[in-house]
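So for the sequence shown, the working numbering puts the first residue at 2; every next one is plus one. For every residue, glycine included, the Cβ atom is placed at its ideal position computed from N, Cα and C. What follows is a short report on a single structure.
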Amino acid sequence: MNPALERIRTAKAQGRKIAALTAYDYPTAKLVDESGIDLILVGDSLGMVVLGLPDTVEVTMDDMLHHTRAAARGVERALLVADLPARSYENPADAVRNARRLVEAGAHAVKLEGGVRAQAQIAAITAADIPLLAHIGMLPQSVREEGGYKIKGRSEEGARALLADARAVEAAGAFGVVIELATPAAARDITAALAIPTIGIGAGTACDGQILVLHDLVGLFPWFRPKFVTAQAEVGAEIRAAAASYIAQVRGETPRPDGRVDGT
Ligand code: KIV
Numbered sequence: 002m003n004p005a006l007e008r009i010r011t012a013k014a015q016g017r018k019i020a021a022l023t024a025y026d027y028p029t030a031k032l033v034d035e036s037g038i039d040l041i042l043v044g045d046s047l048g049m050v051v052l053g054l055p056d057t058v059e060v061t062m063d064d065m066l067h068h069t070r071a072a073a074r075g076v077e078r079a080l081l082v083a084d085l086p087a088r089s090y091e092n093p094a095d096a097v098r099n100a101r102r103l104v105e106a107g108a109h110a111v112k113l114e115g116g117v118r119a120q121a122q123i124a125a126i127t128a129a130d131i132p133l134l135a136h137i138g139m140l141p142q143s144v145r146e147e148g149g150y151k152i153k154g155r156s157e158e159g160a161r162a163l164l165a166d167a168r169a170v171e172a173a174g175a176f177g178v179v180i181e182l183a184t185p186a187a188a189r190d191i192t193a194a195l196a197i198p199t200i201g202i203g204a205g206t207a208c209d210g211q212i213l214v215l216h217d218l219v220g221l222f223p224w225f226r227p228k229f230v231t232a233q234a235e236v237g238a239e240i241r242a243a244a245a246s247y248i249a250q251v252r253g254e255t256p257r258p259d260g261r262v263d264g265t
C-alpha cells in the first residue's frame with residue numbers, strides 16, 4: 002500500500018490528527034509536500050481560486066487532469082488526491098473510468114461528493130482498487146441547487162441524514178470522509194461513529210483531521226476568505242507590494258543604489 006495512505010489509515014487508531022491542504026500546480030504542491038503535510042488535494046476549488054470561476058460547477062475533467070499532472074510532479078511524500086468534477090461520476094461506469102484517468106495523471110486517490118446517493122459510485126471505484134475519499138455535508142458541486150453555502154446538521158433530521166451519509170460512504174469502502182460546513186456536534190458524532198477518519202472543513206475541532214484551501218490559508222485569494230479560516234500569511238499583499246516596487250524601479254521613481262533595474 003502507498004505509505005502515505007497507510008499513514009492516513011492508521012492515524013485515527015493512533016490518535017494522530019491528519020493535516021490536509023489543497024494545491025493545484027507544481028510549485029505549491031512541492032512546497033506543501035516539503036512542509037510534511039499528510040494529504041494534498043487537487044480540489045475542484047481550483048475553479049474559483051485559480052480559474053476565476055464563480056463556483057466549482059463548470060470545472061471539467063480536462064481541468065482536473067491538467068492540474069493533477071502538474072501537482073503530481075511536485076509530490077514525493079504526501080497522499081495526492083484529485084477531485085472528480087461535477088458530472089464526471091453520474092453512474093458507476095463513468096465514475097470508474099474518470100477515476101482511472103485521474104490516477105493515470107498521477108493521483109494516488111480520488112474524491113467525489115455525496116453520501117447515500119453516491120454509494121454505488123464509491124463502491125465501484127473502490128472495487129476497482131482506487132482509494133476513495135468521500136465528501137459529505139455542504140457539497141459545493143450542488144451549490145446552485147442548494148442556493149448557497151449552508152451549514153448542515155443543524156436540525157435533528159439534518160444531523161441524522163448526515164450520519165446516514167457518513168455510514169453509507171464507509172460501508173462503500175471510502176478510506177476517509179471530508180465533512181464540509183457541518184455543525185461541530187454533528188461532525189463530532191460522525192467522528193465517534195466511524196472507524197475511518199473524518200477530515201473537517203468548517204466543521205469544528207472534533208474531526209480526525211482538517212483540510213483547507215491553500216489560497217485561504219496563505220492569503221492568496223484576498224477578495225474572499227471563509228469565516229472559519231485565519232490566514233497564516235498574506236501572500237496576496239506580498240505580490241502586490243513586490244509588483245509595485247518593481248513598477249517604481251522600472252519607471253525610475255525608486256532607483257536601486259547600484260543604478261540597475263531588476264531584470265536588466
Ligand atoms: O475542492 C476543494 O478544495 C475541496 C475542499 C474544500 C475539501 O473539496
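Item: What's the gap between the Cα of residue 107 and the Cα of residue 81?; Value: 8 Å
Item: Apart from the five residues just before and just after residue 34, which ones in its own chain have a Cβ nearer than 7 Å to its Cβ?; Value: 41, 75, 76, 77, 78, 79
Item: Would you say the beta carbon of residue 45 is closer than 7 Å to some non-hydrogen atom of the ligand KIV?; Value: yes
Item: Give the straight-line distance between the Cα atoms of residue 8 and residue 176, rounded to the nearest whole angstrom.; Value: 11 Å
Item: In chain order, what residues of the same chain have a beta carbon less than 7 Å from the beta carbon of residue 20, not counting five sequence neighbours either side?; Value: 38, 39, 210, 211
Item: Could you check how far apart the C-beta atoms of residue 231 and residue 207 are, in whole angstroms? I think they sit under 8 Å.; Value: Actually they are not in contact, since the Cβ atoms of residue 231 and residue 207 sit about 19 Å apart, beyond 8 Å.
Item: Does the beta carbon of residue 197 fall short of 7 Å from some heavy atom of the ligand PLP?; Value: As far as ligands go, the structure on display features the ligand KIV and does not contain the ligand PLP.
Item: Measuring CB atoms only, is the segment 168 to 183 touching the segment 117 to 129, in the sense that at least three cross pairs come out at less than 8 Å?; Value: yes
Item: Among the residues of its own chain, which have a CB less than 8 Å from the CB of residue 182, if the five just before and after it don't count?; Value: 138, 139, 150, 151, 152, 153, 202, 203, 204
Item: Thinking just about the alpha-carbon of each residue, which of 147, 32, 17 is nearest to the one in residue 56?; Value: 147
Item: Distance, Cα to Cα, residue 15 vs residue 101?; Value: 31 Å
Item: Using C-beta distances below 6 Å, list every residue in its chain close to residue 218, excluding the 5 sequence neighbours before and after it, in chain order.; Value: 233
Item: Would you tell me roughly how many angstroms separate the C-alpha atoms of residue 13 and residue 199, rounded to the nearest one?; Value: 9 Å
Item: Can we count residue 181 as close to the ligand KIV, meaning its CB is less than 7 Å from some heavy atom?; Value: yes
Item: Only counting the same chain, and skipping five residues up and downstream in sequence, which positions put a Cβ closer than 8 Å to that of residue 52?; Value: 60, 64
Item: Beta carbon of residue 256, beta carbon of residue 237: below 8 Å?; Value: no
Item: Taking the alpha helix (DSSP H) that residue 248 falls in, what are its first and last residues?; Value: 236 to 251
Item: What residues are listed by DSSP as bridge partners for residue 183?; Value: 153
Item: Our contact map puts residue 84 next to residue 43 with C-beta atoms below 8 Å; I'd like the distance itself, whole angstroms only.; Value: 7 Å
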